[in-house]
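Asks: The opening residue of the sequence shown carries number -4 in the numbering used here; numbering runs sequentially from there.
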Amino acid sequence: MRFGGGRSAWTRHGLIAGAVAVVLTAVGTVATPLLRDRSQQRLEQRAAREVIATAQWTRTQLLADPAAGQATLRGIADRADGVEVLTLETGAAGVRLVFRVRVAKTASSVFGWQRATAYGCFAQVVGSGPGPAALERVPCPS
């Protein structure tokens, strides 16, 4: 009888190491696409949140000077990053401004560079009175 293992012990260790390698490869093959999708989803959510934040910041800037004319309001909206004025109309309630906000986010990850683009269209009425002025989300024209 031999002490200290022998060929069968080495063979057994090799089989265990091989089985562990196969299991890790299988788990990695399944987990990699799931992690990539989750990372892309988080990037798209951040871009969508930034669209809303930019629209709210633009709203605040527009309402800061309620007596401003159309040209001034257009200039205020155009100064914001990613904001494009679509229409500007004067009505009984005040000046109605419809604008589009676009945000492009790029992030590096383990899987390379990921990119997400989000956009939204909003309407804001800037009246001369102190009444409420809600920011309205509207469908974007094509």
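Positions of the beta carbon are idealized from the N, C-alpha and C atoms, including for glycine.
What three-state label does DSSP hand SER34 in the structure shown?
Replies: The answer is helix: DSSP assigns SER34 an H, G or I state.
Asks: Under 7 Å Cβ to Cβ from ARG91, same chain only, skipping five residues before and after it: list those, please.
Replies: So the list reads GLU84, ALA118 and VAL120, once near-sequence residues are dropped.
Asks: Secondary structure at VAL46, three-state DSSP: helix, strand or coil?
Replies: It is helical.
Asks: Give the DSSP bridge partners of THR53, in chain order.
Replies: THR53 pairs with nothing; no bridge assigned.
Asks: Beta carbon of GLY115, beta carbon of VAL96: below 8 Å?
Replies: Result yes, Cβ atoms of GLY115 and VAL96 sit closer than 8 Å.
Asks: If you count every other CB in all the chains shown that lies within 10 Å of the CB of LEU106, and 16 or more means buried, which is it?
Replies: Checking the sequence, you will find Phe at residue 106 rather than Leu. Under this definition PHE106 is an exposed residue.
Asks: DSSP on GLY9, reduced to helix/strand/coil?
Replies: It is helical.
Asks: Any idea if ALA42 is buried or exposed, counting beta-carbon neighbours within 10 angstroms, 16 or more meaning buried?
Replies: Buried, by the Cβ-count rule.
Asks: Please work out which residues of its chain come closer than 6 Å, Cβ to Cβ, to SER34, disregarding the five sequence neighbours upstream and downstream, and give them in chain order.
Replies: These residues qualify, in order along the chain: SER104.
Asks: Taking the CB atoms as reference points, tell me whether VAL93 and THR53 lie closer together than 8 Å.
Replies: Cβ atoms of VAL93 and THR53: not closer than 8 Å.
Asks: What separation, rounded to the nearest whole angstrom, lies between the Cα atoms of ARG44 and GLY13?
Replies: Distance between the alpha carbons of ARG44 and GLY13 is about 46 Å.
Asks: Taking C-alpha atoms, which residue in SER137, PRO127 and ALA102 lies nearest to GLU39?
Replies: For the residues SER137, PRO127 and ALA102, the minimum Cα distance to GLU39 belongs to ALA102.
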